[in-house]
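Colleague: One structure follows; several queries about it will come next.
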Amino acid sequence: MKIPGHVVTERFVVRLHAVYVCVTVMIAVSASTLLAGETYKPEWKSLARHKQAPEWFRDAKFGIYFHWGPYAVPSFGNEHYPRTMYGHVSGKTPKPKRPIKQGIGFQTYREHEFHIEKYGLPKNFEYHDFFPLFTARKFNAEEWADIFFLAGAKFAGPVAMHHDGFAMWNSTATPWNSKLLGPKKDIVGEVAHAIRKRGMKFITTFHHAKVGRAAEEDTEKHRWHYLGREKYFERESPKNVGGDDVELQKLYGTLPWPEFLDLWSVLLSEVIDQYHPDIIWFDSWLDRIPAGTQRKFLAEYFNAAERWGKDVVVTYKQDDLPCNVGVVDFEKGRLDTVTEYAWLTDDTISAGSWTTTGSWSYTDELDIKPAKELLHTLIDIVSKNGNLLLNISPTPEGVIPEAQRESLMGMGTWLRANGEAIYGTRPFTTYGEGPKRLTSSGHFVEM
861 MKIPGHVVTE RFVVRLHAVY VCVTVMIAVS ASTLLAGETY KPEWKSLARH
911 KQAPEWFRDA KFGIYFHWGP YAVPSFGNEH YPRTMYGHVS GKTPKPKRPI
961 KQGIGFQTYR EHEFHIEKYG LPKNFEYHDF FPLFTARKFN AEEWADIFFL
1011 AGAKFAGPVA MHHDGFAMWN STATPWNSKL LGPKKDIVGE VAHAIRKRGM
1061 KFITTFHHAK VGRAAEEDTE KHRWHYLGRE KYFERESPKN VGGDDVELQK
1111 LYGTLPWPEF LDLWSVLLSE VIDQYHPDII WFDSWLDRIP AGTQRKFLAE
1161 YFNAAERWGK DVVVTYKQDD LPCNVGVVDF EKGRLDTVTE YAWLTDDTIS
1211 AGSWTTTGSW SYTDELDIKP AKELLHTLID IVSKNGNLLL NISPTPEGVI
1261 PEAQRESLMG MGTWLRANGE AIYGTRPFTT YGEGPKRLTS SGHFVEM
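Be aware that the sequence shown starts at 861, since it is given in the working numbering, and climbs by one per residue.
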């Protein structure tokens, strides 16, 4: 079997290592058939019997999701505004307009300065003060689902919970949700209904593993999303650090680690029980969650899908899950050769730097990719046995901007004419063409 050597990505190049060596095992295990009435146990051997990439997923090729929540209200910076509005994670006094690198990711003081100028000091206007401003007054799930369908997507859905800890569904586990606050709507539920009415599969994405503050012995505490908030309050208002408001602890991830892990699981259970998602997609940092907790979730989801009579998909990044229980996803990247296993790329409709024009959530600075560029990406991914999950960025009012619509409709027009070359296909032994050169006789030859 030919094992690909690298992931080609705009953000990084990583060597594929041991996790992908188990592709042969993955294929063999997937071929086994479950007996009627058999259930999955929270054990890797049992969970590996689940087929990671059902035929409908391999046929679908193209899906759409959206980063949309209270973090879109300031329309500035990017979807990490809830973190960067508090300044740098070091807790030092920010130096105006001086970009720096720290931890895992690029952070600047740009959002901190913007926040002070527009809303005041973060200690007087916190992230949760944006929630009443997130009214989504123009949101229409039916209209959005029409756009996804006309763009040619075969699966679609929302970011159910980002790193900010705000649930976009009718949650009883956390009061910080879109049914009680802001829109006063069950966004996940309305979108699920509209998506399925048009024959598309439904995806929910989860990024909440990064919300919780890790246990004291964790040497990688910097991966906690709200570390900067804690450092800010240690400097500016120490009395607000480590408060006993349990609800605020849920939002800002300061629950004791065991309690946070319980909340992490309960939030997933709510979405599984209420909305029966066809795909549950995980962002990076799932490796923060202990393996035992991961296995319990997977067994719960796979067993629920058996009861529903559905073939479901779980995705993961890096080495966050064993390769024989889910579909690997590469953020803004793709493989450099054809694979025997199915994989996924998630990318966003905006171009440029993540800190400015390339945000995943709406900002006033977004630079939108044209349909041609998006289609070239899709075609290359499909030719190597992958699927594309494309992110869009609605406004805080709930509008998909015209520039994004134009690119999506351009994709849909091409896919309606050429879809038989995309949907339901399987890769050839080679992908792409070239490099070639044109000879004087008018023929192309390999270089």
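Note that the Cβ used here is the ideal one computed from N, Cα and C, for glycine as well. Computed from a predicted model, the values in this text were never measured in an experiment.
(1) Among Ser1219, Ala1231, Ser1253, which residue has its Cα nearest to the Cα of Trp1309?
(2) By the three-class DSSP mapping on this structure, what secondary structure does Gly1103 have?
(3) For Val879, name the three-state secondary structure that DSSP assigns.
(4) Can the beta-carbon of Ile1239 be found less than 8 Å from the beta-carbon of Ile1209?
(5) Counting Cβ pairs, one atom from each stretch, are 3 or more of them under 8 Å apart for the stretch 1176–1195 and the stretch 1094–1107?
(6) Please work out which residues of its chain come closer than 7 Å, Cβ to Cβ, to Met1271, disregarding the five sequence neighbours upstream and downstream, and give them in chain order.
(7) Report back the beta-carbon spacing between Thr995 and Asn1163 to the nearest angstrom; my notes put them in contact at under 8 Å.
(8) Following the continuous alpha helix (DSSP H) through Gly1049, name the residue where it begins and the one where it ends.
(9) Please report how far the alpha carbon of Trp1004 lies from the alpha carbon of Ser1129, in whole angstroms.
(10) Where in the stretch 997–1027 do unbroken runs of the alpha helix (DSSP H), each at least 4 residues long, occur, reported from the N-terminal end onward?
(11) Just the C-alpha distance for Ala1202 and Lys1244, rounded to the nearest angstrom, thanks.
(12) Which residue spans inside the stretch 1069–1157 form an unbroken beta strand (DSSP E) run of at least 3?
(13) Could you compute how far the alpha carbon of Leu1158 sits from the alpha carbon of Ser1031?
(14) Extract the residue ranges of the beta strand (DSSP E) inside the stretch 1144–1230, only unbroken runs of 3 or more that lie entirely within it.
(15) Are the beta-carbon atoms belonging to Ile1205 and Gly1246 less than 8 Å from one another?
(16) Going by DSSP, name the residue or residues bridged to Lys1039.
(17) Expressed to the nearest angstrom, what Euclidean distance is found between the alpha-carbon atoms of His988 and Leu907?
(18) When DSSP labels each residue in this structure, what does Thr1064 get in the three-state scheme?
(19) Counting C-beta neighbours from all protein chains within 10 Å, is the total for Ala1029 16 or more, i.e. buried, or is it exposed?
(20) Just curious, the alpha helix (DSSP H) that Leu1268 is in, first and last residue?
(21) Is it buried or exposed for Ser1097, if we count other Cβ within 10 angstroms and need 16 for buried?
(22) Can you tell me whether Lys1177 is buried or exposed? The criterion is at least 16 other CB atoms within 10 Å of its CB, across all chains shown.
(23) With DSSP run on the structure shown, which of helix, strand or coil describes Leu981?
(24) To the nearest angstrom, how far is it from the Cα of Gly1292 to the Cα of Val1305?
(25) Which residues in the same chain as Trp928 place their Cβ atom closer than 6 Å to its Cβ, once the five residues preceding and following it in sequence are excluded?
(26) Check Tyr925 in the structure and name its three-state DSSP category.
(27) Would you check if there are 3 or more beta carbon pairs closer than 8 Å linking the stretch 1085–1100 to the stretch 1165–1172?
(28) Leaving out the 5 sequence neighbours to the left and right, which residues in its chain are closer than 7 Å to Val1071 when beta-carbon positions are compared?
(29) Tell me the DSSP secondary structure of Arg1297 in three-state form.
(30) Taking the C-alpha atoms as reference points, what is the distance between Leu1195 and Asp1207?
(31) Taking 8 Å as the limit between beta carbons, can you name the residues of its chain near Ser1125, skipping five residues before and five after?
(32) For Ser971, count the other beta carbons within 10 Å of its own beta carbon; 16 or more makes it buried, fewer makes it exposed. Which is it?
(33) Could you please give the first and the last residue of the uninterrupted beta strand (DSSP E) stretch that includes Leu993?
(34) What's the gap between the Cα of Leu1268 and the Cα of Arg1095?
(35) Can you grab the Cα-Cα spacing for the pair Phe1142 / Val1174, in whole Å?
(36) Which residues mark the beginning and the end of the beta strand (DSSP E) in which Ile1252 is found?
Modeller: Reading off the structure:
(1) Limits of the chain in this structure are 861 at one end and 1307 at the other, which puts residue 1309 out of reach.
(2) coil
(3) For Val879, the pLDDT reaches just 40, beneath the cut-off of 50, and the residue's location in the model is therefore unreliable, although a value from the coordinates is still provided. Val879: helix per DSSP, three-state reduction.
(4) no
(5) no
(6) Ala1011, Gly1012, Ala1231, Leu1234, Leu1235
(7) Rounded, the Cβ-Cβ distance is 38 Å, inconsistent with contact.
(8) 1047–1057
(9) 26 Å
(10) 1001–1010
(11) 9 Å
(12) 1139–1142
(13) 20 Å
(14) 1173–1177, 1187–1191, 1193–1195, 1203–1208
(15) The displayed chain sequence assigns Thr, not Ile, to residue 1205. Yes, Cβ-Cβ distance for Thr1205 and Gly1246 is below 8 Å.
(16) Per DSSP, none; premise fails for Lys1039.
(17) 38 Å
(18) strand
(19) First, the amino acid is wrong: residue 1029 is Trp here, not Ala. Counting Cβ neighbours within 10 Å, Trp1029 comes out buried, since at least 16 surround it.
(20) 1262–1278
(21) exposed
(22) buried
(23) coil
(24) 15 Å
(25) Pro1254
(26) strand
(27) no
(28) His1023, Gly1025, His1085, Gly1113
(29) strand
(30) 14 Å
(31) Thr1153, Lys1156, Phe1157
(32) Ser is not the amino acid found at residue 971; the sequence shown has Glu there. That one is buried.
(33) Per DSSP, Leu993 belongs to no beta strand (DSSP E) and is neither H nor E.
(34) 46 Å
(35) 8 Å
(36) 1246–1252
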